[in-house]
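Top line first, the protein sequences correspond to chains H and Y.
613 is the number that full-length UniProt numbering gives to position 613 of the first sequence; each next residue is one higher, with no gaps.
171 is the number that full-length UniProt numbering gives to position 171 of the second sequence; each next residue is one higher, with no gaps.
Glycine residues also receive a C-beta, built at the ideal position from the N, C-alpha and C atoms.
Given the structure is predicted, the values throughout are model-derived calculations rather than measurements.
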Amino acid sequence: MDSALPDHRPDHRRDYGNRRDNGGRRNYNNHGGGGGGGGRGGGNNRKRRSREDDDEERPQRKNHRYEEPIASQLRRSILAISEQPATVIDSAKRLGKQIADNFADDQVNGPLLDTVLELICEQPLKIPHVSAVILYANDVNGAVTAEIITRSQERIQDAVHEGNWREFKLLMRFYACLQGVFEGDGVFPLFDELFDRAADQQTASPEDVVGLELIKIILLTLPYAMASSATNLDAKARELLEKTDIIASVQHPLEHLSESYPIEGDGRPFGFQSALNLLQQQLVTEAETGWKLACIPRVYVPTTSVKDEGDTDAMAGLEITVTKHEFPVITIPSPVHTGTRPLYPEAYFTIYGDQEIESVPRSSDIAASLIRDATVDTINILDFNRHAVAKFLIELDCFFAPGTFVPRSTGFDKLKDVPEGETTWKTEDMAIDAMFSQMLRLPSAEHKLVYYHAVITEACKLAPGAIAPTLGRAIRFLYRHVDYMDLEPAYRFLDWFTHHLSNFDFRWKWTEWTEDVDASPVNPKHAFILGAIDKEIRLSFTKRIRETLPPDYHKLIAEGKLKDTPDFKYSNESTPYSVEGRQIHSMLRKKVPETEIQVIIDIIQKQATEQGVNEPLIPSTDAYMTAVCYIGSKSLSHVLSCIDRCKERLLVIGAQSEAARRQIIQSVVDYWKDLPGTAVNIVDKLLNFTIVTPESVVQWCLGQASLGSGAPLADTWRFEMVAATMGKITNRMRQIVAARVQALRMDAPAEQVAMLDDTIAKERESMRALFGLIQDLLAPYTDSSGNTLMEDAGASSSEDVEFVKAWAYRWSMVFSRKAAVEETVASDGALQITLANAKLEMEREAVRRKKADEERAKRRAAAEERRKVEEEERVKKEAEEEEERQKLAASNGNGAANGGADQDQLDEADDVDI
Amino acid sequence: MSLAYSYSTSTVDRLDKASSYIASKRRPRRDERDGEERPPTPEVEDKLRDATTLYVGNLHGLISQSFYTTEEQIHELFSKCGEIKRLVMGLDRFQKTPCGFCFVEYYNHQDALDCMKYVGGTKLDERIIRTDLDEGFVEGRQYGRGKSGGQVRDEYREEYDPGRGGYGRVYEETSGPKY
C-alpha cells in the first residue's frame with residue numbers, strides 16, 4: 001500500500017487518509033495496529049484478498065515454488081551492507097564471491113553493478129564496505145572489477161563534464177579503495193593532473209574556488225588510497241602533500257563569505273577556519289605518524305591472510321595473485337566546469353570541537369574531516385528521504401572502524417569515566433555537529449533549511465534519549481555565542497529552534513535563560529528570546545505558547561498578541577480622523593463604489609491641509625490601508641481578496657509618492673504590530689501586486705524615520721522583511737541568468753540573446769543600487785559618528801549604543817555578503833563562466849547522444865537480423881508443413897478411420913498437460 | 001541545470017512520490033454510495049508531473065470543537081518550502097467552517113516536491129500532518145464530501161480524536177458502523 005512512506009509511523013492515526021477504496025482495510029477491526037496488513041474482514045477486502053490468494057496459489061499447484069532471482073538477492077544484501085558491523089568482513093567476502101560466481105547472469109553483470117555505483121554515489125558512508133565486496137569478487141573473478149571499472153568510467157566522466165564534483169569525489173574514493181588492484185600508480189597520476197588543473201584555475205583568477213575544490217578532492221581521496229590494500233605509497237603521498245600545501249594554505253579573497261562568527265570579542269568561539277587548510281594539516285600530521293587512519297574500516301583483508309587464519313585447504317605459502325586492472329582513462333577539460341552549484345571557500349564549523357573532553361575528534365585529527373565529509377554528503381545527497389538520513393546519523397558508528405566511537409547514547413557526563421587511551425567520541429555529537437554545519441553554512445545551505453529541520457526532528461523521534469541531550473548542548477552553545485554570530489545563521493538558528501520545539505510540544509528549559517528576560521531590548525540574547533516566542537506563536541497560538549513559558553516570561557507577551565483581531569484604531573474617538581476612518585471601513589465592507597469612498601478621502605485630505613499637514617495623502621492613505629487590514633484581519637485570504645478588490649486605488653496611491661508607498665507599509669505594520677509575522681506576509685503580497693516597491697520596503701525598514709535610535713534593528717521580523725524583499729530581487733536575477741543559459745542551449749536567435757543580456761544588465765544595476773541603499777541607510781548606525789545620532793534618539797546606555805552598533809554591523813555584513821554572492825552569479829565574468837560550463841555540459845550531452853544513437857542503431861540492426869532469421873525459419877517451416885500436408889492428403893484416402901482415435905488421444909494428452 | 005539523465009533507480013525510497021490514493025484515481029472504481037462508475041482519469045500522472053498543489057490533511061478542524069489550524073499557521077510552515085501562491089482551506093459543506101484539510105499551491109513544482117519531502121509527516125499545531133501531490137485545486141473541492149458536511153474520514157473514525165471533534169460522527173449517532 002503506502003510504499004512511498006517508510007515504516008516508522010509515530011502516529012498511526014496519520015494512516016487514516018480519506019482513501020475510500022482501501023480505507024476498510026486499516027480502519028476497521030484493527031484498533032491501533034498501526035499498519036501491518038492485519039485488518040482482515042473489511043467489506044471490499046475479502047474480494048481483493050481472494051484474488052491475491054489466487055495469484056499466490058496457482059503457481060504452487062504446479063509445485064514450482066517462487067525463488068528470488070540471485071541478482072535481486074544480491075542487490076538486497078549489498079544495499080544492507082555494513083548494517084551489521086560485527087560480521088561485515090564475512091558478509092562482504094561472501095557477497096563478493098557470490099557476485100563473482102554468478103557473474104554470467106546478465107542481471108548480475110549489468111544492473112547489479114549499476115546498483116553498486118548508485119550506492120557509492122548515494123550512500124558514501126558505505127564506500128569502504130562496497131569496495132571491499134568488489135575486491136573480494138576480484139579475488140575470484142577479475143571480470144567483475146573490469147566491468148565495474150568500465151561502467152564507472154562513463155559515470156565519472158559525466159561527473160567531470162557536468163561539474164558534479166561531489167559525485168566525482170565519491171567515485172574517486174571508490175577507485176582509491178581499489179588502489180591495490182590497479183596497475184602502476186593507480187589514482188596517483190590523476191591526482192597530479194587534478195593538481196595541475198587546480199593550479200591553472202588558481203593562476204587564472206585569485207577568486208577561483210573550483211581549484212580549491214579539486215585540491216579538497218585530492219586530499220579527501222588520498223587517505224582511502226593509503227588505507228587500501230596497496231603498499232609503498234608513503235613517498236608519493238608525501239610528495240603530493242608538499243604540492244597541495246601551496247594552494248591549501250593560501251588565504252582566499254572570498255573567505256569572509258563563509259565566516260559564521262565575524263564579531264570579534266572574548267566570547268567569539270572561533271573565527272574563519274579553512275576546512276581545506278585543516279585537512280592539509282591533518283594529513284601532514286597523519287603522514288608523520290605513519291598513516292594510521294584509524295577511523296577508516298578495513299573491510300577487505302587480502303585473501304592470503306584470511307586463508308592462513310581459517311581455511312584449512314590453504315597450502316602454506318601459496319600466494320594468490322590478484323588480478324590487476326588498468327586505471328580508467330578520465331579526461332579533465334581545461335578550464336574545468338566550475339560546479340553545478342556555485343562554490344565558496346569552505347569554513348569548518350563545529351559546535352563540539354575542541355572541548356575539554358573530546359566528544360568529537362579535535363580539528364587537528366584527520367577523523368574530523370573524514371567522518372564529517374562522509375556524513376555531510378549523506379545528508380545532502382539523500383534529501384529525498386529524511387527518515388533514511390536520520391537512521392544513518394544515529395547508526396554512524398556502523399560505517400567506521402570498530403572502536404571509533406563510544407557506545408551509542410553514552411551520556412556526555414559519562415565520557416570522563418572512559419579509560420585513558422580509549423575513544424570518547426559520540427556518534428550523536430558527530431551527527432548533530434554535521435547537521436548544524438550544513439544548516440548554518442554560509443553563504444547558503446545546499447537545501448531549503450526546512451530539510452535540515454526535518455532531519456533533526458526525525459533523528460530526535462528515532463532516538464530521543466541519545467539525540468535530545470546533544471541537541472540541548474548545541475542550543476546552549478549557539479545561544480551563548482549568538483552575539484558573535486553572523487545575523488543570517490543566527491536567524492536560521494532561531495527559525496530551526498522554534499520549528500523544532502513545535503514538533504515536540506514546545507518544551508524547552510526556558511528557566512536557564514531567565515536572566516536575559518530583563519536584559520535590554522537590544523541585547524542579542526533578549527532579542528533572540530523575543531523572536532523565538534513570536535515565531536512559536538506564529539506556528540501555534542498565543543495562549544498555548546504562554547502556557548509553555550515560565551511566569552517570568554509572560555511579560556514579554558504583549559496583551560495584543562492574545563487578541564484574534566487587532567483593534568481598529570479609528571474605533572477610538574480620540575484618534576484623528578476617526579469618523580472618516582470608520583466611514584471608509586463600513587463603505588469598504590458594503591463594497592460601495594470607489595467614487596463614494598473618494599468623497600471621504602477628500603474630507604480627510606482637506607482637514608489635514610487645514611491643520612498644516614505637509615502631505616495630506618498620508619493620513620488618508622493611513623485610514624484607507626488600515627481599513628483594508630481590519631477587514632482582512634480574519635485570515636490571509638480575506639486580506640488578499642480585499643487588497644485585490646482595492647488594488648486600483650492602492651496602485652494609484654503608491655504611484656503618487658515614495659512617502660505614500662511607505663505609509664502603506666507603515667499602516668500594515670502598525671495594524672499588525674503585535675503579530676508582525678502577518679505584517680511581513682502582507683507586505684510580501686503588496687510587493688507582488690507592485691503596490692509597493694522593493695526600495696520602499698528597504699527605505700521603510702531601515703530609514704531613520706522608523707529606526708530612530710537604531711533599537712528596531714533587533715526586530716527579527718524586520719530582518720525577515722528585508723531579507724524576503726531582497727530574496728525576490730535576487731531570485732529574479734537568477735531566473736534571468738538561467739534564461740540566458742537556456743538561450744545558449746536552445747541556440748536562440750541573436751536578438752533574443754541581446755535582449756536577455758540587456759535585461760541582465762538592467763536588473764543587475766537596480767539590484768546593485770538596492771544593495772547599496774541598504775548600506776547607505778545602515779551607515780549612520782555603524783559609523784562611530786553615529787553615536788551622537790543614537791544618543792540623541794534616546795538610547796539609554798553606552799552599552800546599548802554598542803549593541804546597536806553591533807546590530808547595524810551585523811545587518812551590513814549580511815547584505816554586503818549577499819551582494820557579493822550575487823556578483824558571483826550575475827556579474828559579466830560569472831556569466832561567462834556559467835555559459836562556458838553549459839558548453840561543457842552540451843559537449844558531453846552530444847557525446848552521450850551519439851553513443852545512444854549508435855547503441856540504438858546496433859540494437860536495431862540486431863533486431864533486424866533476428867527478424868530476418870526468424871522469417872527465413874518461418875518460410876522454411878511453412879514449406880515443410882505444406883509438404884507434410886500434401887503427403888497426408890495423398891495418404892488420406894486409406895487412413896481416414898484412424899484419424900478420429902488419434903484426435904481423442906491428443907485431447908487427453910492436453911488435459912494432462914493442463 | 002542538472003541533466004535529465006539517470007543511471008538506475010535510487011538505493012533509497014523517495015518521499016516525493018504521490019500516494020496510492022492519487023494512483024488509485026487512475027483506476028475506474030465503483031462509488032459505494034450510488035453505484036455509479038467513476039470515469040478513469042488517465043492523465044493524472046501527467047498532471048502530477050508539474051504539480052504545484054498539495055493536499056494537506058489531518059489538520060485541526062472545527063468539528064465540534066473550539067479551534068482549528070489557521071491559514072496563518074499553515075502559511076508559516078509551508079512557506080518554508082517556497083512562496084505560496086494560494087491557500088484554500090477545506091470547509092464543512094454546510095457550516096462553511098474549516099474541517100481539517102486544505103490545499104496549498106506553490107509557484108514551482110520543485111517547492112511542492114520539497115514540501116512532500118520535508119514537511120509531510122511533521123507536526124503543525126501539534127498534529128502530524130499528511131501531504132499529497134494534487135492535480136490542482138478546482139472550485140468545489142474545498143468542501144468536505146462526508147454526509148454531514150465534513151470529511152468522509154471524520155464520519156467513520158473509530159478513535160477518539162479531540163482535535164477533530166471526538167469520535168467519528170457515524171459512531172456518535174449510532175452505536176455500530178453503518179456501511
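Within-8 angstroms CB hit, residue i to chain Y
{"i": "H/Tyr451", "result": "yes"}
{"i": "H/Arg386", "result": "yes"}
{"i": "H/Gly677", "result": "yes"}
{"i": "H/Leu119", "result": "yes"}
{"i": "H/Glu122", "result": "yes"}
{"i": "H/Ala454", "result": "yes"}
{"i": "H/Lys448", "result": "yes"}
Residue i to residue j span [Cα, whole Å]
{"i": "H/Asp684", "j": "H/Gly727", "result": "11 angstroms"}
{"i": "H/Val517", "j": "H/Pro676", "result": "20 angstroms"}
{"i": "H/Phe392", "j": "H/Glu872", "result": "58 angstroms"}
{"i": "H/Ile643", "j": "H/Ile584", "result": "14 angstroms"}
{"i": "H/Tyr553", "j": "H/Asp674", "result": "16 angstroms"}
{"i": "H/Ala368", "j": "H/Ala431", "result": "12 angstroms"}
{"i": "H/Lys509", "j": "H/Tyr352", "result": "20 angstroms"}
{"i": "H/Val187", "j": "H/Ile296", "result": "18 angstroms"}
{"i": "Y/Ala18", "j": "Y/Asp132", "result": "6 angstroms"}
{"i": "H/Ile191", "j": "H/His256", "result": "Here the sequence assigns Phe to residue 191 of chain H, which means Ile is not the residue at that position. Straight-line Cα distance between these residues: approximately 29 angstroms."}
{"i": "H/Glu458", "j": "H/Arg473", "result": "18 angstroms"}
{"i": "H/Asp534", "j": "H/Val418", "result": "43 angstroms"}
{"i": "H/Ala445", "j": "H/Asp495", "result": "14 angstroms"}
{"i": "H/Leu279", "j": "H/Ile366", "result": "7 angstroms"}
{"i": "H/Ile601", "j": "H/Thr548", "result": "46 angstroms"}
{"i": "H/Pro328", "j": "Y/Lys123", "result": "49 angstroms"}
Neighbouring residues, chain B, relative to residue i (Cβ below 7 angstroms)
{"i": "Y/Glu71", "result": "Absence of chain B from the displayed structure is noted, the protein chains being H and Y."}
Amino acids of chain Y, ordered along the chain, whose beta-carbon sits closer than 8 angstroms to that of residue i
{"i": "residue 926 of chain H", "result": "The displayed coordinates of chain H run from 1 to 914. Any statement about residue 926 of chain H would go beyond what the structure contains."}
{"i": "residue 985 of chain H", "result": "In the structure as shown, chain H starts at 1 and stops at 914, and residue 985 of chain H therefore has no counterpart that could be examined."}
{"i": "residue 915 of chain H", "result": "Any question about residue 915 of chain H goes unanswered here, given that chain H covers just 1 to 914."}
Interface partners of residue i on chain H, CB under 8 angstroms
{"i": "Y/His75", "result": "Leu636 and Asn681"}
{"i": "Y/Ser66", "result": "In chain order: nothing, as chain H lies at least about 11 angstroms away."}
{"i": "Y/Leu87", "result": "Leu636 and Ser637"}
Short CB-CB distance (under 8 angstroms) between residue i and chain H
{"i": "Y/Ser148", "result": "no"}
{"i": "Y/Cys81", "result": "yes"}
{"i": "Y/Glu126", "result": "yes"}
{"i": "Y/Lys117", "result": "yes"}
{"i": "Y/Asp114", "result": "yes"}
Contact set for residue i: own chain, Cβ-Cβ below 6 angstroms, skip 5 residues either direction
{"i": "H/Tyr809", "result": "Thr782"}
{"i": "H/Ile263", "result": "Tyr484"}
Chain H residues whose Cβ lies nearer than 9 angstroms to that of residue i
{"i": "Y/Val104", "result": "None at all; the shortest Cβ gap to chain H is about 12 angstroms."}
Residues of its chain near residue i, where Cβ-Cβ distance is below 8 angstroms and the 5 sequence neighbours each way are ignored
{"i": "H/Leu651", "result": "Phe689, Thr690 and Ile691"}
{"i": "H/Thr261", "result": "It is worth fixing the name first, because residue 261 of chain H is Tyr in this sequence and not Thr. The residues are Arg268, Pro269, Phe270, Gly271, His481, Tyr484, Met485 and Asp486."}
Partners in chain Y for residue i, counting only beta-carbon separations shorter than 7 angstroms
{"i": "H/Leu382", "result": "Val12"}
{"i": "H/Thr457", "result": "Thr122"}
{"i": "H/Lys818", "result": "The premise fails here: H/Lys818 is roughly 18 angstroms from chain Y at the closest Cβ pair, so nothing lies under 7 angstroms."}
Within chain H, partners of residue i - CB distance below 7 angstroms
{"i": "Y/Ile16", "result": "It should be pointed out that residue 16 of chain Y corresponds to Asp in this sequence rather than to Ile. Ordered by position in chain H, the residues that pass the 7 angstroms Cβ test against Y/Asp16 are Phe384."}
Neighbourhood of residue i by C-beta, 7 angstroms cutoff - its chain only, sequence neighbours within 5 removed
{"i": "H/Gln60", "result": "Below a pLDDT of 50, predicted positions are generally treated as unreliable, and H/Gln60, at 46, falls in that range; the measurement from the model is reported next regardless. Cβ neighbours of H/Gln60 beyond the five flanking positions: none."}
{"i": "H/Gln98", "result": "Leu74"}
{"i": "H/Gln202", "result": "Asp208, Gly211 and Ile247"}
The ligand SAM heavy atom lying under 7 angstroms from the CB of residue i
{"i": "H/Asp106", "result": "Absence of the ligand SAM is noted for the structure shown, with no ligands found whatsoever."}
Contact set between residue i and chain Y, taken where Cβ atoms lie within less than 9 angstroms
{"i": "H/Gln663", "result": "Ordered by position in chain Y, no residue passes the 9 angstroms Cβ test against H/Gln663, which lies about 24 angstroms from the chain."}
Legend entry - Length at least 3, wholly inside the segment 685–727 of chain H: the beta strand (DSSP E) runs in chain order: Within the segment 685–727 of chain H, there are no complete beta strand (DSSP E) runs of at least 3 residues.
Inset, instruction - Scan the segment 141–183 of chain H and note each continuous alpha helix (DSSP H) run of 4 residues or more that stays entirely inside, going in chain order. - result: 142–162 and 165–177
Inset, instruction - Could I get the ranges of all uninterrupted alpha helix (DSSP H) runs contained in the segment 243–313 of chain H, with 4 residues as the minimum, in chain order? - result: Listed in chain order, they are 275–288 and 303–309.
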